[in-house]
Structure formats: structure tokens, C-alpha cells
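Peer 1:
Numbering (full-length UniProt numbering), first residue to last: 1 to 484.
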């Protein structure tokens, strides 16, 4: 057998069991706020858990537990699709989003931490459903596969294939030699930072329910909010708190771990972190200066609005503190470019990732030197270390395919009679897992008017972006399915 079907089914079953358990956590919220959606959530949870048990029945005592790389790609891709299919049930059963297509879009947007929404009035949605909506982003932030590895090491199944498929491309060094220990430490850190932000927001004056939900979606760099105005608040303190945690969420969790261990040398010698921080600072200054010319407001307000939107888009969180498309055409173009940046590798952020841009630019400049000195050996160096040429080729291939997928997505969406600028914005923000775009899907709009076929297309792009292209596209390759 080319694929270990029993292990694949077993792990998908475990993922559904965990997901159903998370759904059940929303029932007390509904009961507390005396809303009737608790029954819909209970039914959805039981269906999800029951399906998980059925998938686990495929397992046998003497099954082969060996997990190959191909199995890992199938589990991760199928896992995300299955999660979204079952994760849509609370919306549909409760009637919050009656259309399954719309519910699937909202759920895929949640798990992939994109933050694009079809809800036109978020504040009328029952609290239990809103909490589930936030939880989907929090679950997807670190990855359900990594969660399964963190709390279920007793499976006896090698996890590196799953970890590699879940976070492909350039990844930071593991914190511990065992993959389960790495996953546990990442999740403990993730939970700790989420709790810290929730407490900080509550102390700053945000209500308990809103504080918890916004902390869940901030650390996931998801951007779902419990209010129609997102983060357009009158509280500078709350906005600065969110900015700080968005920045942390877009930073490699490995570096945050080292910082907490007071190993600051590793942090400040990391080239990606230096570029990531410097880029945010420079763009924030540019936007602040531009705002001082186009808006009649104090320096602090201009700085805060600029910093908030720059950090939100670079980290692909997608929270909105103002309608940046109404500021100036120059700034609209600049913010559109930010949709392609992405946060750090090893963070919950989506997008191309800063490290890939660094490798691309360094290799491009070195190529000019190689033209003058063709015999010279000039490796790309990151943080002072020579990078394997295979990784450089991987980065170049990723960026080329990313651009190709973006262009194909724009053509397909335009063929559905979507306006040109809206198609550009919708595809860019979906593929980059950002949330708000430009055109009719800008920061104060949503995706409700998008044709249903367009929503399915954008849902696919969200999955491609979340799993960084190769994991999903690998399954479309005839070579993947050949016997070897």
C-alpha cells in the first residue's frame, strides 16, 4: 500500500475529536449569555466527535504506525478541509450563516487565520457562535496538527512529517530534539501570550468577552473581531496593547521563547527579526508623515493609526483601526504592497514571509556580482551563516509560484464579473491570509457580495496560502501519486 490509510484516518479522527471538544467549550458561553445557540453548538459538537470516533474505527491493533512524508502532506491538507467542513456546522445549524457555502468560507477564513468575513452585522450574532468564530482562528494559528502532536505523543507515530507539512519552507531551529516537546513548548507559549493579552485588554477597559475574543484572534494573527468597527476604538491604550501582541505574533515563536529565557543574543543577531522590525519602523514613519499632510490630526494619532495598520497588515492580522483606502492613493498602493510581505517564519503570520524576501534580494544582488566574477563562490548568508543552495532554489520557486497563483486567481475572479481592483485585493488578501484588501473588500467592507463561485475560489486560495503552496500543490502533481 502506497499510503498508510489507517494512520491517516486515525489522525483525522483525532483532529475531529479535538475540534469537537473545542466546539463544546462554546456551550457555556451561550448558556451564560442566555442565548439559544447552545443547542446548535451541542449538535455540531456531537456530530464532529461522532465522526471522529467513526474514523478512528479504521484503526487496528496491529496497524503499521509508520508515517511517510506523503502521508503527512495528505493528513495536513485533508485535515484543514475536514476541519472547515465540520467547523461550518455551528453556523449552519444555528442559522447564523444559513448558506453552507458562506459558512464554509467563514470557517476556512477562520482556520487559515485570514479574517475575511461575509457577516454584515457581527454584533447580532449569538455570543457562543462569535466565540466559536474566534476559536477557529486560535486553533488555526498554531495549527491543529501541531496541537495533536503536542498532547497526543502516545500515538507512537513519527511526527516530523506532519510538522514539516504543517510549516513548510524555511523554519527556525527546533526548541527541543523531540518533535512532541517542540510542539508542547510552542503551544504553552501560545496559550501564555493569549492569556497575557486578554488580561491586559481587560485591565485597559475592554469587556471580558471582547478581551478574550480579541486576544484569541490577535495571537493567531487572524483579525476576527466581535464588533462591526473592528479596532476603531477611542482607547489608544487598547490599540497599543493590540499592536504589541500583533508584533509578537508576527515574530518567530522560537525567538520569543529565547527572549523569555533571556537569551537576547539569539534574538538581536537574527537577521530576519532585524529586517522585520526595521521594515515596520521605516514604513510606519513614511505613513505617519503622509498622514500629517493628508489629515488634520495630532502627531500621536497619525503615528498610532500608521503603526497599527502597518503592523496589522505586515503580520497579516487584518484588524482595522481606520479606513486606510480613504487616506490617499499613494498609501492605498503602499498598503496593497504590504499584503505580499508577511511576518516571520515560525510565527502565526501568513504571507510570503520576511525571510524569503531577504533571501530573494540577497541572491539577486549576488547574481550581479556573479556576472562579474563567474568563478567566485558567493553563497547567500543569513545571520552570518551560508545558506544551502537548495533552500535558495526553494525560495525562488515559492515566490515564482506565489505570483503565478496570484495572477491565475485574479484572472479567474475577474471572469466572474468581479471588478479589477476588487479581484486584485481579494486574491492578494486571501492568498496572504491577511483579511482586508482593496476595492469592494477593503477595510470597512466584507466579502458578502462576492459571487459564491468566487468564495469557493478564495477559500481554496486561503488554504494554499496557509499551507504555503507546496503542501497543497504537491497533491496535484502526478508524481506524488506514482508508486515508487
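Beta carbons: idealized from backbone N, C-alpha and C, even for Gly.
Tell me which residues share the same chain as residue 450 and place their Cβ nearer than 8 Å to its Cβ, disregarding the 5 neighbours each side in the sequence.
Peer 2: 118, 418, 426, 441 and 458
Peer 1: In three-state terms, what does DSSP make of residue 290?
Peer 2: helix
Peer 1: Kindly indicate which residue of 360, 22, 300 and 358 has the alpha-carbon position closest to the one of residue 134.
Peer 2: 22
Peer 1: Rounded to whole angstroms, what's the CA-CA distance from residue 467 to residue 79? Just pull it up for me.
Peer 2: 11 Å
Peer 1: Using the three-state DSSP reduction, which class does residue 475 fall into: helix, strand or coil?
Peer 2: helix
Peer 1: CA-CA distance, residue 96 and residue 465?
Peer 2: 27 Å
Peer 1: Using the rule of at least 16 other Cβ atoms within 10 Å of the residue's Cβ for burial, across every protein chain shown, is residue 126 buried or exposed?
Peer 2: buried
Peer 1: Is residue 230 buried or exposed, if buried means 16 or more other CB atoms sit within 10 Å of its CB?
Peer 2: buried
Peer 1: To which residues of the same chain is residue 38 closer than 7 Å at the C-beta, ignoring the five residues directly before and after it?
Peer 2: 27, 30, 31 and 128
Peer 1: Check for me: the alpha helix (DSSP H) holding residue 303 runs from which residue to which?
Peer 2: Segment 299 to 314, the alpha helix (DSSP H) holding residue 303.
Peer 1: If you follow the alpha helix (DSSP H) that residue 206 is part of, which residue opens it and which one closes it?
Peer 2: Element bounds for residue 206: n/a, residue is neither H nor E.
Peer 1: Provide the residue span of the alpha helix (DSSP H) that contains residue 357, from first to last.
Peer 2: 354 to 372
Peer 1: Do residue 220 and residue 141 have their beta-carbon atoms positioned less than 8 Å apart in this structure?
Peer 2: It is a contact, given that the beta carbons lie within the stated cut-off.
Peer 1: Going by beta-carbon coordinates alone, are residue 77 and residue 471 separated by less than 8 Å?
Peer 2: yes
Peer 1: So, for residue 131: in the same chain, excluding its five sequence neighbours on each side, which residues have a beta-carbon less than 6 Å away from its beta-carbon?
Peer 2: 26 and 29
Peer 1: Please state whether the Cβ-Cβ distance between residue 408 and residue 380 is less than 8 Å.
Peer 2: no
Peer 1: Are the CB atoms of residue 241 and residue 204 within a distance shorter than 8 Å?
Peer 2: yes
Peer 1: Is residue 292 closer than 8 Å to residue 299 when the C-beta atoms are compared?
Peer 2: For residue 299 and residue 292, yes; Cβs fall inside 8 Å.
Peer 1: Does DSSP classify residue 155 as helix, strand or coil?
Peer 2: Residue confidence is low: residue 155 scores 42 on pLDDT, short of 50, so the model does not pin down where it sits. No coordinate-derived value is stated.
Peer 1: Can you list, in chain order, the residues of its chain with a C-beta nearer than 6 Å to that of residue 275? Leave out the 5 residues immediately preceding and following it.
Peer 2: 354 and 358
Peer 1: Do residue 87 and residue 136 count as a contact pair if the criterion is CB distance below 8 Å?
Peer 2: Here residue 136 is near residue 87, since their CB atoms are less than 8 Å apart.
Peer 1: Just confirm the distance between the C-beta atoms of residue 13 and residue 45, as a whole number of angstroms; I'd bet it's less than 8 Å.
Peer 2: So it is not a contact: roughly 15 Å between Cβ atoms.
Peer 1: Three or more C-beta pairs under 8 Å: does that hold for the segment 109 to 118 against the segment 314 to 324?
Peer 2: yes
Peer 1: Using the three-state DSSP reduction, which class does residue 345 fall into: helix, strand or coil?
Peer 2: coil
Peer 1: With a threshold of 16 other CB atoms inside 10 Å of the CB of residue 52, please say whether the residue is buried or exposed.
Peer 2: Buried: at least 16 other Cβ atoms inside 10 Å.
Peer 1: Evaluate residue 445 with the Cβ neighbour count: other Cβ atoms within 10 Å of its Cβ, from every protein chain shown; 16 or more gives buried, anything less gives exposed.
Peer 2: buried
Peer 1: Once DSSP output is grouped into helix, strand and coil, what is the label at residue 40?
Peer 2: helix
Peer 1: Just grab the DSSP bridge partners of residue 381 for me.
Peer 2: 386
Peer 1: Taking only three categories from DSSP, how would you classify residue 455?
Peer 2: Three-state result, residue 455: helix.
Peer 1: Would you say the segment 261 to 271 touches the segment 379 to 399, given that touching needs at least three Cβ pairs under 8 Å?
Peer 2: yes
Peer 1: Is residue 247 closer than 8 Å to residue 199 when the C-beta atoms are compared?
Peer 2: Not in contact: residue 199 and residue 247 (Cβ atoms no closer than 8 Å).
Peer 1: For residue 371, is the classification buried or exposed, using 16 other Cβ atoms within 10 angstroms of its Cβ as the cut-off for buried?
Peer 2: It is exposed - the Cβ of residue 371 has fewer than 16 other Cβ atoms within 10 Å.
Peer 1: Using a Cβ-Cβ cut-off of 8 Å (strictly less than) and excluding sequence neighbours within five positions of residue 106, which residues of its own chain qualify?
Peer 2: 88, 91, 97, 117, 118, 119 and 133
Peer 1: I'd like the ranges of any alpha helix (DSSP H) spanning at least 4 consecutive residues and lying wholly in the segment 411 to 452.
Peer 2: 420 to 431
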